[in-house]
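Just below is one structure, and these are the notes that go with it.
In my numbering, the protein residues as written are -2 to 296.
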């Protein structure tokens, strides 16, 4: 019984260390780019792409937690992370992060070529060396950090042999950019005082809660518009999935418009919108992925 409990504890710690849900979603976004470019790309190439991007995302998470372990330890939301809690030493965290990152780059280089590996390296370096330190200097750092989460679909597109001058993958990139910003602001809203105390600058510190919800809603509507752009750009070809995506986008716009007006309990409203953003992006990426897989089986 103790062994089972210890295993579950270790798995939970690993999940927090690599931010498992986020790393999985980043890998899925890369797969959507690959399948949008070529439904006939080999299964081995898809697996390699997913693992390569997943490992790079995990590496970013681990190395970021090495960088921010002292501030993470001071905040309620992050203090249980392995490095912040002292369960994992900085040296061990650095080693794990470098191994994950090296493994991801090698997989991408060997299976998809140097260009995708270089893009993966650039996204990782930008996250750790530009975005992370910028969080202490500017409340708009999240906007500067969007390339890190927006590049995986483009990496997937190029990995599958997509034309680098084709504008279609930019619709996926735009979707990811417009998703990241309100997600971060809504996450930071309830923690803004703690973030200020440890030296991080975020927009929720400069605006009222009502203003932040309004601006976040504006970005969300932009994300919905980017979603609808997927259809005329033929990133989804199956009519039933086109209809589903259009329905999801319109329904989400209507739902968020109603939710963001409920300002009596600001933190609950922010949490609802943030969870809704996660579910929405997962469903949209799932539709794109399913479209590619079904067309792949039909070919």
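Note that CB positions come from ideal geometry on N, CA and C, so glycine has one too. Note that the structure is a prediction, hence the values are computed from the model and not measured.
- Under a 10 Å Cβ-count criterion, residue 97 is classified as buried, with 16 or more other Cβ atoms of the shown protein chains found around its own Cβ.
- Residue 144 counts as buried, since no fewer than 16 other beta carbons sit within 10 angstroms of its beta carbon.
- When Cβ pairs closer than 8 Å are counted between the two stretches, the region 131 to 149 is seen not to touch the region 234 to 243, the count staying below three.
- The beta-carbon distance between residue 285 and residue 233, rounded to whole angstroms, is 6 Å. This is short enough to meet the 8 Å contact definition.
- Rounded to the nearest whole angstrom, the C-alpha separation of residue 274 and residue 257 is 13 Å.
- Within the region 55 to 112, the runs of alpha helix (DSSP H) that reach at least 4 residues and sit entirely inside it are, in chain order, 66 to 69, 79 to 82 and 87 to 109.
- Listed in chain order, the alpha helix (DSSP H) elements of length 4 or more contained wholly in the region 137 to 197 are 138 to 141, 143 to 156, 165 to 185 and 189 to 194.
- Per DSSP, residue 280 is one residue of the alpha helix (DSSP H) stretching across 263 to 295.
- With respect to the C-alpha of residue 146, the residue from 57, 126, 114 and 182 having the closest C-alpha is 57.
- Using a Cβ distance threshold of 8 Å, residue 140 and residue 116 do not count as a contacting pair.
- Using a C-beta cut-off of 8 Å, the region 35 to 49 makes no contact with the region 68 to 79, since fewer than three inter-stretch Cβ pairs fall below that distance.
- Between the C-alpha atoms of residue 193 and residue 155 there is a straight-line separation of about 40 Å.
- Burial check for residue 103: the Cβ neighbour count within 10 Å stays below 16, so the residue is exposed.
- In the three-state reduction of the DSSP assignment, residue 235 falls in the coil class.
- As the crow flies, the alpha-carbon of residue 31 is around 15 Å from that of residue 294.
- Shown here for residue 223: same chain residues with a beta carbon closer than 7 Å to its own, the five before and five after excluded, namely 168, 171, 172 and 175 in chain order.
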